[in-house]
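Next up, the structure:
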């Protein structure tokens, strides 16, 4: 291939031409003679080898099963090779049971040496000792050789024993370091690989051992990570590499005022695996728009919506295409548009939805577009790839990301799969949108709602309705409409049932649909268990005459969970990530969050905050366990899953005696972890009472949902127009009458600011406030015929419009 691109590898050079090669004609008879001669030679060689092997076997007795000797190395005399083990195991390839195996080999080896030294006194060639057959051929060796053989054999056996014991000890230490939290005898708790990696990234642990063991562990870890990375590369979705004589020039356009809000679009952004570094190719054609000059001090942008986390800062360096290092190099050149971001917690559905999916939906809506209004698609799915850069690969919570593109997901392993290949993206958008995030996780201050920020819940509803529509599930009367037909896309009745429900003095229609509604218990199977879950399920079904469905991450897919949420009238669950699925619930759904003993609900509010966002219209209730004996802690767990046995005894006692978790910073506070990972026997009577209270509030809320236009919002008013001076028979000679038009856009104004000025040294003027729905003003105290200037501006909340000017003669 000519030009700027040349395929890499033998597949693309001339020797692998797909054209047929010339062949020398050969007659059928000639081919027959040729094959006969070849078969003759092979047969003769086989006979010779067989004769040699038989002659050697006559002189060698049966070899030990525990220490096989290859035929070509067998000899009449017992050599060093016969008393050594057939392999040299290291700490990295011995299993936990290696010690027993090595002892067996060692015993067999010692027996072989002892037999060899006594060979002149033995009349036979075989001896059985300890159920292990030992080869004992008659030999003629000198004492010095016998002594050396025995010394070597014992040294090898001792070394193997020492290595095996060291391996057992080291693996035990390693197992303690990454010990998966154990629950009580009826619970088998495990951590996924992604969970383990994430948890250990938050807290550092040290493993004692010598330098060699540490080095072996590091090497083993690197090999495991390399295998893990390759496992997340889709071999069917792999762009071929080419040799680039010269890399193409790059450009970058950034949007946003600071690192936290910035998103950048690149032309020809490249990644170098050997340096783990992103770079652009800087030439005189390069455009860097809105790129801060001092970006290395603070970072260009953040790959995650978790603001301020140093792990997610992104930057690039500049290289010259004329540097010899970047000439004639293999490049995987990606021509399709890519969107790149990083996840905070890959195996946690709350983090994936709140931190990543919601924001990326609006990034795609901005940069991709197209799509279909009729199908409710705000952007095309076929034009781009989603590249997740955090390095964890796919997990059980990855499924929602696949909805963002029809192309296979790509992970960081895709970039690192070949160290000698640079990956360049012709068009890539880096960063994620923070406009929908509502919660911070306590990295700099105790966790809670993001300060001075109240996201529009309608944006979250837009995303949840988009998922719902794509799954073929019905939307409610208060949700999206089919814009082309003007009809609702569901057959849920617009009018409520005839039954009444009473709340205080207000009587409102019931909004329950027992034939379709569910009560959903969001269950957990590894920790933070509801110990009386079956009794709770039965009590809920009896009390509210609704079907009760238990939903878990272990049993139900993302799509199944969404389907259950769409039918949920009430959602009940322990504090945990799965409760974020309530974002898919209909308006008016009751969300009851339960907390173990000692965990104050007012300090941990991601789902309370979500339920109360404007436009979400969910009814939230919280329950806290008040009896400590009804909760079961797990001090034996991994420290990040509530274990405290790693702490000094006095600190353990302090944790146990602290009855209310104090406010704290993320992520390894033992007071918080010890209490939140308790299993809880919930008070069913209190739960039923809270749900009944929530349903009463829900019925009142739903009575307004049907008559509320959820799409309508406040408008900012335009500048004032049509300022007029009025006159009439009732106007006094020194009185000013002025009027102006209401906003032509239909915006509502809270009030009008009116400023009247007069020429210097003349009497009159001042500032006035006029109600928003009365665009007229009458002011006394002027001279007849006096010329005045009138300035008017609208005010809505904290917004103040611009002044509009007019003139009047009194």
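Numbering (the numbering used here), first residue to last: 1 to 810. Glycine residues also receive a C-beta, built at the ideal position from the N, C-alpha and C atoms.
Since residue i and residue j should fall inside the 8 Å C-beta cutoff, what is the C-beta to C-beta distance between them, to a whole number of angstroms?
i, j, result
"residue 562", "residue 597", "At roughly 32 Å, the Cβ-Cβ gap does not stay under 8 Å, so residue 562 and residue 597 are not in contact."
"residue 434", "residue 261", "7 Å"
"residue 264", "residue 311", "Actually they are not in contact, since the Cβ atoms of residue 264 and residue 311 sit about 19 Å apart, beyond 8 Å."
"residue 432", "residue 359", "4 Å"
"residue 339", "residue 386", "6 Å"
"residue 437", "residue 384", "Their Cβ separation, rounded to whole angstroms, is 23 Å, which puts residue 437 and residue 384 out of contact at 8 Å."
"residue 615", "residue 457", "3 Å"
"residue 810", "residue 734", "6 Å"
"residue 751", "residue 770", "7 Å"
"residue 691", "residue 590", "6 Å"
"residue 547", "residue 541", "7 Å"
"residue 724", "residue 738", "7 Å"
"residue 274", "residue 419", "5 Å"
"residue 478", "residue 705", "5 Å"
"residue 741", "residue 716", "Contact doesn't hold; Cβ gap of about 17 Å is too wide."
Taking a contact to mean a Cβ-Cβ separation below 8 Å, would you say residue i touches residue j in this structure?
i, j, result
"residue 279", "residue 252", "no"
"residue 415", "residue 321", "no"
"residue 745", "residue 718", "yes"
"residue 268", "residue 250", "yes"
"residue 566", "residue 468", "yes"
"residue 409", "residue 417", "no"
"residue 634", "residue 604", "no"
"residue 332", "residue 302", "no"
"residue 392", "residue 346", "yes"
"residue 323", "residue 296", "no"
"residue 586", "residue 476", "yes"
"residue 388", "residue 411", "yes"
"residue 685", "residue 631", "no"
"residue 701", "residue 619", "yes"
"residue 377", "residue 580", "no"
"residue 661", "residue 599", "yes"
"residue 381", "residue 406", "yes"
Using DSSP with H/G/I as helix, E/B as strand and the rest coil, what is residue i?
i, result
"residue 753", "strand"
"residue 221", "helix"
"residue 415", "helix"
"residue 294", "coil"
"residue 843", "Only positions 1 to 810 of the chain appear in the structure, and residue 843 is not among them; the question remains open."
"residue 665", "coil"
"residue 475", "coil"
"residue 255", "strand"
"residue 650", "helix"
"residue 797", "coil"
"residue 604", "coil"
"residue 670", "helix"
"residue 235", "coil"
"residue 834", "No answer is possible for residue 834: it lies beyond the span of the chain, which begins at 1 and ends at 810."
"residue 630", "helix"
"residue 280", "strand"
"residue 363", "helix"
"residue 568", "strand"
"residue 679", "strand"
"residue 496", "Confidence in residue 496 is poor, its pLDDT being 34 and thus under 50, which makes the residue's placement unreliable; the coordinate value appears in the next sentence. Note: residue 496 maps to coil in three-state DSSP."
"residue 658", "coil"
"residue 289", "strand"
"residue 261", "coil"
"residue 777", "strand"
Against chain D, does residue i count as a neighbour if the rule is that its beta carbon must be under 8 Å from one of theirs?
i, result
"residue 389", "Chain labels in this structure do not include chain D; a single protein chain is all it has."
Three Cβ pairs or more, each shorter than 8 Å: is that satisfied between the stretch 551-559 and the stretch 606-615? no
With contact counted as at least three CB pairs below 8 Å, one residue from each stretch, are the stretch 437-448 and the stretch 418-429 in contact? no
Inside the stretch 367-440 only - alpha helix (DSSP H) runs reaching at least 4 residues: 399-402, 413-416
Meets three-Cβ-pair contact criterion under 8 Å: the stretch 565-572 and the stretch 520-530: yes
Check whether the stretch 638-651 touches the stretch 614-624, taking contact to mean three or more Cβ pairs, one atom from each stretch, closer than 8 Å. no
Cβ contact check for the stretch 530-537 and the stretch 367-377: 3 or more pairs under 8 Å: no
Taking 8 Å as the cut-off, does the stretch 783-797 touch the stretch 749-756 (at least 3 CB pairs, one atom from each stretch)? yes
Is it true that the stretch 718-737 meets the stretch 768-787, where meeting means three or more beta-carbon pairs spaced less than 8 Å apart? yes
What are the start and end residues of each continuous beta strand (DSSP E) run of 3 or more residues lying completely inside the stretch 695-761, in chain order? 736-739, 751-757
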